[in-house]
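Undergrad:
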Amino acid sequence: MITNMNIREILKQKLGCKDEDFDRPMPVPAPWSMPFWDAARKRKLVLKKCTCCGHIDHPPYLYCTSCSEEECEWIEASGKATLYAYAVNVYGVPFAFMEDLPYVLALVDLPEGPRMISNIVGCDPKDLKNGMELKVVFDDVSPEITLPKWKPVSK
């Protein structure tokens with residue numbers, strides 16, 4: 119029986135995979151997005167807000183996607199979201215993510231305006247429903263990178 123505990127060893131033996139085949143791709147923060155990544159490491163979700171037109175962007179861009187101005191401020195988000203859409207991945211993923219199967223890739227709507235791509239964690243994928251309430255959680259994927267992810271709000 120194949121389990122998540124031994125899948126890495128099986129892939130190494132059967133397919134000749136090397137340890138580096140299991141390295142996960144990591145985000146590469148740009149200078150204009152560093153406040154987002156710094157806040158995530160502190161377990162805070164922040165969003166980039168244009169000081170000219172008030173538009174809130176995510177992901178953070180170099181300029182406002184509404185008016186093209188560069189002046190911005192960072193605001194702390196509520197940490198709440200609504201599930202807009204999702205897909206449950208059960209196979210056909212890069213080796214680095216096989217131990218996480220099944221995993222949920224989702225679009226979540228933030229009350230501040232933006233829609234974010236992220237993962238849903240902490241629940242059985244069968245329990246997910248579009249429109250359900252979510253709260254942010256944080257995953258330290260490396261010493262430098264913490265990813266915001268989402269989990270259903272307990273009723």
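When we follow the numbering used here, the leftmost residue of the sequence shown carries the number 119, and every step to the right adds one.
No residue lacks a Cβ here, since even glycine has one placed at the ideal position from N, Cα and C.
Remember, it's a predicted structure, so these values are computed and weren't measured experimentally.
(1) For Asp227, write down the residues that DSSP places opposite it in a beta bridge.
(2) Pop quiz: Thr200 and Val226 are said to be a contact at Cβ under 8 Å. What is the actual Cβ separation, rounded to whole angstroms?
(3) Going by beta carbon distance, what residues of the same chain come within less than 6 Å of Val239, once the five residues before and after it are set aside?
(4) Is it the case that the Cβ atoms of Cys190 and Cys171 are separated by a distance below 8 Å?
(5) How would you call Pro149, buried or exposed, if buried means at least 16 neighbouring beta carbons within 10 angstroms?
(6) Can you tell me the Cα-Cα spacing of Met152 and Lys167, whole angstroms?
(7) In the DSSP output, what is Tyr221 paired with across the bridge?
(8) Along the chain, where does the alpha helix (DSSP H) that runs through Asp156 open and close?
(9) How many angstroms separate the CA atom of Gly231 from the CA atom of Asp156?
(10) Go to Tyr127, then tell me how far its alpha helix (DSSP H) extends in each direction, as first and last residue.
(11) May I ask which residues mark the beginning and end of the beta strand (DSSP E) holding Glu194?
(12) In three-state terms, what does DSSP make of Lys244?
(13) Which residue wins for smallest C-alpha separation from Lys162, given the options Ile174, Val255, Ala224?
TA: For this structure:
(1) Thr200, Arg233
(2) 7 Å
(3) Lys267, Lys269
(4) no
(5) exposed
(6) 14 Å
(7) Asn207
(8) 152-159
(9) 21 Å
(10) This sequence places Glu at residue 127; Tyr is not what is there. Start and end: 125-133.
(11) 190-194
(12) helix
(13) Val255
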